[in-house]
Amino acid sequence: MKRHDQHGRGRNGPHLRRFRLLGAAVAAALLLTAGLATPMTPGTPQAHAAEAHDKDGGGKKVLTVAVAQSVDSLSPFLAVRLLSTSINRLMYEYLTDYDPKDAHAVPGLATKWEPSPDKLTWTYTIRGDSKWSDGQQATAEDAAWTFNKMMTDQGAATANGSFVGNFAQVTAPSPTKLVIRLKKPQATMTALDVPIVPKHIWEKVKDFSKFNNDKTFPIVGNGPFVLTDYKPDSYVRLKANKDFWRGAPKFDELLFRYYKDQDAAVAALRKGEVSFVAGSPSLTPAQAASLKGDRNIHVNDAPGRRFYALATNPGAQAKNGEKFGDGDPSLLDERVRHALFMAVDRKAIVDKVFQGHAVEGQGYIPPRFSSYFWKPSAGQELAYDPVKAGQLLDQAGYRKNADGKRAGKDGKPLNYRVLCHATDPNDKAVGKYLQEWWGRLGIGITLDCLDNVTDPWLAGKYDLAFDGWSVNPDPDFVLSIHTCAARPATPKDTGATDDFICDKTYDELYAQQLAEYDPAKRADIVKRMESRLYDLGYMNVMAYPNAVEAYRTDQIKSITTMPSKAGNIYGQDGYWSWWSAVPADSGDSSGSSVSTGVVVGIAAGVVVLVGLGVLFAMRRRATAEDRE
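My numbering numbers the first residue of the sequence shown as 1061 and each following residue consecutively.
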């Protein structure tokens, strides 16, 4: 999952694919954006985004994507925002990929994989036809070095350390053989969402906690695109990798252009200045409606992989036991947290804010992932009930005074600070409803709508925050960010935590699901984790927004959604959309989905997991906003 920070981590898209926990921390999920009021266009402005001209005057096909999120880091060891982790997938191969049709595991850098009978040793066959963009061969040694670096360097483990915490040893006996030995069974071995980097480049890095991989271009990679240029809060430029083993992309260049103003991005789409608009992280209902009348624009509206939530500060604390931040102490009372959430009308949010382009929130994982989707029982549900909410506050000792205000233990009126993404209109709209709903309870709120919500979030200087992640088919990552181990080592460090939650019962369930290979049993444990998270009341999932995005059909003939029948284009669990996109004036008739021949060829390379009886299809990640 990625915060679409849009927290993406998808570390989705949170709205947060996830806060970039390392300075921008996630999911994809909090839309951590900062920068220019208007986008800066690299190079000469072009009348049409789909075509540009190189220095020799020859035409080249450029796919320009308008995004409302800035890059937190170009280092795959640090990046957690949805945009950043999506770019990672374009730059580097992972051991395995997700099939665009149903998300089952298919070959990536590894052509096949096999566990030992005790399931503690996994052997991956590394393909021999993948080269780094500087011409060197990609080998098992690159993969072993990547994992070992994450296992031994805390800075390198910032974004994806949860995947290697159970690794005992990683070796490369030959250029095409990778062996991973585990301490105990691990269900995510076909879902290791870790970009494999070239050892000969990255072994020169001295401090992984500070190296953002944004000074030397082009950046050496082996994915479908090579990153050639980057300007913070402005654009990211990539060119097609003509030697990519799965085949070269059909567009010569891919350009992500940052817009702080989403209406400006929509206007750019209308003018043909950009090819695609992702939104922040989705288009508003009004924007989508205004675009549907244009015959040259297609609006994609499909069930999303994100959740949209309110996160409560549980009292920021580091792993060394030191507390920090200034969250309101009243929120440490579970009755207060439950009262606040019982005063949130989820149906109204779906109907009035999202105008039907969302599903009412329940459990932590969106219904798109049916195996893991959970909802509370009738007796457990924190249903909309303002009267009962008031009673809970009374029971907790926060009664209304003569002025109708509720006071804290210090006698001062309760007034909660709510972190809000300045670029996300949904945050502002929902914030106004919260002011009304909680105002009736006698509680005030102050909306802190910022371009950069990362700094106060990581410092624990907030009471509540709009949160969200883009969830991966395997939920392990988004589950891991609520474990005690995800907290920072000290207040001065950066952890992988989403909101400092630390609960022994939840941690025990997390360990159980990670070690469970049986899909049905594992899904049951995951649902118990969701139930526990719901009861704690630190996370209130208000909605599961649709993926609402748009592109120009006179620039893009066809493009793959994920899932292919009805899914998203931006922030996928893979590179399928941009790799498959076909220019409108291309003679290529392929494109609307990845060809059957390719998919069949991919599936043929997978070794049925010995003794498991099932191929692990589901894998992690956004992380809306945010990793989401």
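Every residue, glycine too, gets a C-beta built ideally from N, C-alpha and C. For clarity, every value in this text was computed on a predicted model and none was experimentally measured.
Residue environment, residue i, which counts as buried when at least 16 other CB atoms sit within 10 Å
i: L1474; result: buried
i: G1439; result: exposed
i: L1392; result: exposed
i: G1464; result: exposed
i: E1496; result: exposed
i: D1157; result: buried
i: P1374; result: buried
i: N1532; result: buried
i: F1537; result: buried
i: A1580; result: exposed
i: E1174; result: exposed
i: A1519; result: exposed
i: V1660; result: Here the model assigns V1660 a pLDDT of 33, short of 50, so the residue's position is not dependable, and the following value carries that caveat. By the neighbour-count rule (16 or more Cβ atoms within 10 Å), V1660 is not buried but exposed.
i: K1259; result: buried
i: A1664; result: Confidence at A1664 is low in this model, with a pLDDT of 36, below 50, so its placement is unreliable and the value that follows should be read with caution. So A1664 counts as exposed.
i: P1389; result: exposed
i: T1344; result: buried
i: K1299; result: buried
Span separating the alpha-carbon of residue i from that of residue j
i: F1384; j: W1262; result: 34 Å
i: Q1573; j: R1395; result: 29 Å
i: A1641; j: S1540; result: 33 Å
i: G1631; j: N1356; result: 23 Å
i: A1556; j: N1360; result: 32 Å
i: R1365; j: P1623; result: 10 Å
i: R1406; j: Y1184; result: 45 Å
i: A1198; j: V1257; result: 9 Å
i: V1286; j: P1446; result: 53 Å
i: K1172; j: D1178; result: 18 Å
i: G1627; j: I1409; result: 22 Å
i: W1192; j: P1284; result: 11 Å
i: T1483; j: D1202; result: 38 Å
i: L1501; j: D1411; result: 23 Å
i: G1471; j: R1477; result: 18 Å
i: D1354; j: L1329; result: 11 Å
i: A1204; j: Q1347; result: 46 Å
i: D1487; j: S1269; result: 31 Å
i: H1358; j: M1210; result: 42 Å
i: K1448; j: A1571; result: 35 Å
i: V1254; j: W1182; result: 16 Å
i: E1382; j: D1563; result: 16 Å
i: F1560; j: Y1444; result: 26 Å
i: V1086; j: V1131; result: With a pLDDT of 30 at V1086, under the threshold of 50, the predicted position of this residue should be treated as unreliable, and no value is reported.
i: K1492; j: V1404; result: 12 Å
i: R1141; j: A1170; result: 26 Å
i: G1499; j: F1526; result: 18 Å
For residue i, three-class secondary structure by DSSP
i: I1240; result: strand
i: K1761; result: Nothing about residue 1761 can be read from this structure; the chain reaches only from 1061 to 1688.
i: G1528; result: strand
i: W1192; result: coil
i: S1135; result: coil
i: L1351; result: helix
i: W1566; result: Residue identity differs from the one stated: residue 1566 is Tyr in this sequence, not Trp. Here Y1566 sits in helix by DSSP.
i: R1187; result: coil
i: W1305; result: coil
i: Q1322; result: helix
i: E1590; result: helix
i: K1412; result: helix
i: R1366; result: strand
i: N1606; result: coil
i: L1329; result: helix
i: L1314; result: strand
i: A1709; result: Nothing can be reported for residue 1709: it is not among the residues displayed for the chain, which extend from 1061 to 1688.
i: G1221; result: helix
i: Q1129; result: coil
i: S1294; result: coil
i: R1406; result: helix
i: P1579; result: helix
Closer than 8 Å to chain B by CB, residue i
i: Y1458; result: Although the question refers to chain B, the structure presented lacks it and comprises just one protein chain.
Starting from the N-terminal side, write out each stretch of the beta strand (DSSP E) that is 3 residues or longer and does not extend beyond the segment 1240-1292.
Taking only runs of at least 3 residues, the beta strand (DSSP E) segments lying wholly in the segment 1240-1292 are 1285-1291.
Decide yes or no for the touch test of the segment 1146-1165 against the segment 1598-1611: beta carbon pairs closer than 8 Å, at least 3 of them.
In the pairwise beta carbon analysis, the segment 1146-1165 is classified as not touching the segment 1598-1611: fewer than three pairs are separated by under 8 Å.
To test your reading of the DSSP string, which unbroken beta strand (DSSP E) runs of 3 or more residues are found completely within the segment 1451-1533?
DSSP runs (the beta strand (DSSP E)) wholly in the segment 1451-1533: 1475-1481, 1504-1510, 1524-1530.
I'd like to know if the segment 1225-1234 and the segment 1263-1274 are in contact, where contact means that at least 3 CB-CB pairs between them fall below 8 Å.
The segment 1225-1234 is not in contact with the segment 1263-1274.
Segment contact flag, the segment 1152-1167 with the segment 1500-1514, C-beta cutoff 8 Å, min 3 pairs:
The segment 1152-1167 vs the segment 1500-1514: no contact.
I'd like to know if the segment 1584-1591 and the segment 1308-1316 are in contact, where contact means that at least 3 CB-CB pairs between them fall below 8 Å.
The count of Cβ pairs closer than 8 Å, one atom from the segment 1584-1591 and one from the segment 1308-1316, stays below three, leaving the stretches out of contact.
Are at least three pairs of beta-carbons, each pair with one atom in the segment 1313-1322 and one in the segment 1123-1141, less than 8 Å apart?
Between the segment 1313-1322 and the segment 1123-1141 there are three or more C-beta pairs closer than 8 Å, enough to call the two in contact.
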